[in-house]
Amino acid sequence: CVLITTQHQNFDAYTAGASESDAVEWEKVSGRFTPINFNEPAETLIRLAVPTLRQFGNKEKVTRKLNKVLDDTRLLPVGYSSALKEKGVNVSPLDGITSYVVISLLQKYGQNERSLFSFLNAKGSHSISAREKGAPYLLSDFYNYAIDRLSHVIYSNANPDKLQWESAERAIQRADHHSSIDPRISHPILKSILLINVFGREGLFDLDTAKDYFSAAYGLVAENTLDELTDKNIIQFLRHKGKLTFVEGT
Numbered sequence: 007c008v009l010i011t012t013q014h015q016n017f018d019a020y021t022a023g024a025s026e027s028d029a030v031e032w033e034k035v036s037g038r039f040t041p042i043n044f045n046e047p048a049e050t051l052i053r054l055a056v057p058t059l060r061q062f063g064n065k066e067k068v069t070r071k072l073n074k075v076l077d078d079t080r081l082l083p084v085g086y087s088s089a090l091k092e093k094g095v096n097v098s099p100l101d102g103i104t105s106y107v108v109i110s111l112l113q114k115y116g117q118n119e120r121s122l123f124s125f126l127n128a129k130g131s132h133s134i135s136a137r138e139k140g141a142p143y144l145l146s147d148f149y150n151y152a153i154d155r156l157s158h159v160i161y162s163n164a165n166p167d168k169l170q171w172e173s174a175e176r177a178i179q180r181a182d183h184h185s186s187i188d189p190r191i192s193h194p195i196l197k198s199i200l201l202i203n204v205f206g207r208e209g210l211f212d213l214d215t216a217k218d219y220f221s222a223a224y225g226l227v228a229e230n231t232l233d234e235l236t237d238k239n240i241i242q243f244l245r246h247k248g249k250l251t252f253v254e255g256t
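In our numbering, the protein residues as written are 7 to 256.
Now the structure itself:
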């Protein structure tokens with residue numbers, strides 16, 4: 007006899023907040039099943055999300071500048087980039103990489119499209135609806151949203167990305183030790199770098215590209231902040247990965 011069942015999350019997710027004995031029981035249950043994960047392609051989900059995104063007005067212009075910078079980075083899968091260029095697909099107030107990270111993170115840590123539409127309709131801190139009217143919703147905004155609502159998954163020992171999230175936290179703390187670095191700019195930049203590293207494809211996001219991207223998002227002061235973060239050995243560019251990464255150790 008073969009039992010086939012569907013779940014909206016993996017067995018590990020059911021142990022969140024459970025006692026140690028209950029977690030062991032869930033582990034026993036999961037051992038009796040062979041999981042087959044299914045995630046809708048990101049390009050399918052973003053097409054489904056477009057009608058909901060329209061309610062936010064789509065009038066801000068920052069994301070156009072950000073998307074222009076992203077065009078040559080190859081951080082997005084080809085299929086997803088193509089979907090963003092289809093007629094009628096406007097993901098503002100998100101830019102391309104933010105929309106992709108939102109989908110990818112919620113697929114990995116959440117409940118696929120259910121979490122995506124919960125995000126789009128969310129109220130309260132760090133939600134799209136809570137941003138200033140006419141402002142874009144950027145990577146750092148979504149970082150805050152994810153930490154606020156999914157920290158139990160992000161910092162779980164079962165999360166293979168846990169060390170990268172912790173590395174970002176340490177980078178933020180190290181940056182705060184330098185009076186020459188403005189935390190209002192460094193925090194969003196470092197949070198964005200983390201999300202690009204975890205969920206973006208290996209492409210080309212070097213220091214010059216980062217300056218163009220973050221200047222479009224936060225103003226020219228972002229260029230000086232990136233130079234400071236590099237000079238203080240908090241971030242570095244790894245050529246073989248094509249990305250900025252956090253420097254650990256001394």
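No residue lacks a Cβ here, since even glycine has one placed at the ideal position from N, Cα and C.
Close beta carbons around residue i, own chain, < 8 angstroms, minus the five adjacent residues each side
i	result
Lys217	Ala228, Glu229 and Leu232
Ser186	Glu234
Pro99	Leu59, Phe62, Gly63, Asn64, Glu66, Thr69, Ile134, Arg137, Ala141, Pro142 and Tyr143
Tyr161	Lys168, Trp171 and Glu172
Where residue i sits in the DSSP three-state scheme
i	result
Ile199	helix
Phe39	coil
Gln179	helix
Phe205	helix
Leu169	helix
Ile153	helix
Gln113	helix
Leu211	Note that residue 211 is Phe in the sequence shown, not Leu. Correct three-state label for Phe211: coil.
Thr251	strand
Gln13	coil
Leu81	coil
Ile241	strand
Gly102	helix
Arg137	coil
Leu145	helix
Asp188	coil
Pro57	helix
Asn73	helix
Glu66	coil
Val159	helix
Nearest-angstrom beta carbon gap, residue j and residue i [assumed within contact, 8 angstroms]
i	j	result
Leu59	Leu126	7 angstroms
Leu250	Leu213	7 angstroms
Ile109	Leu51	5 angstroms
Ser87	Val97	That belief does not hold up - the Cβ atoms of Ser87 and Val97 are roughly 12 angstroms apart, past 8 angstroms.
Lys197	Ser146	4 angstroms
Thr236	Val75	So it is not a contact: roughly 19 angstroms between Cβ atoms.
Arg207	Pro83	6 angstroms
Val107	Phe211	Rounded, the Cβ-Cβ distance is 13 angstroms, inconsistent with contact.
Cβ-based neighbour list, residue i, same chain, cut-off 6 angstroms, excluding 5 preceding and 5 following
i	result
Asp101	Thr69, Leu72 and Asn73
Leu90	Gly102
Among the options, nearest to residue i - alpha-carbon criterion
i	options	result
Tyr143	Glu26, Glu66, Ile191 and Leu213	Glu66
Val95	Leu250, Ala48, Glu172 and Val56	Val56
Pro47	Glu254, Leu111 and His158	Leu111
Glu254	Val75, Arg53 and Leu169	Leu169
Arg176	Ile241, Ile202, Val75 and Lys114	Ile241
Ile153	Lys139, Pro166 and Glu172	Glu172
Tyr224	Glu208, His246 and Ile195	Ile195
Leu244	Asn203, Phe220 and Tyr219	Asn203
His183	Phe123, Asn239, Asn163 and Tyr149	Asn239
Gly85	Gly116, Lys34 and Glu49	Glu49
Phe252	Leu210, Pro189 and Ile178	Ile178
Asn165	Phe123, Ser124, Gly116 and Leu122	Gly116
Tyr219	Leu81, Ala128, Lys129 and Ser124	Leu81
Neighbour-count burial assignment, residue i, 16 or more Cβ in a 10 Å radius
i	result
Lys93	exposed
Thr79	buried
Arg155	buried
Val30	exposed
Leu54	exposed
Residue i CB to nearest heavy atom of the ligand NAP below 8 angstroms
i	result
Asn127	With respect to small molecules bound, the structure shown includes none, and the ligand NAP cannot be examined in it.
7 angstroms CB neighbourhood of residue i in its chain, flanking five on each side removed
i	result
Lys247	Glu208
His132	Asp147, Asn150, Tyr151 and Asp154
Ser192	Ala181, Thr231 and Leu235
Ser221	Ala228 and Glu229
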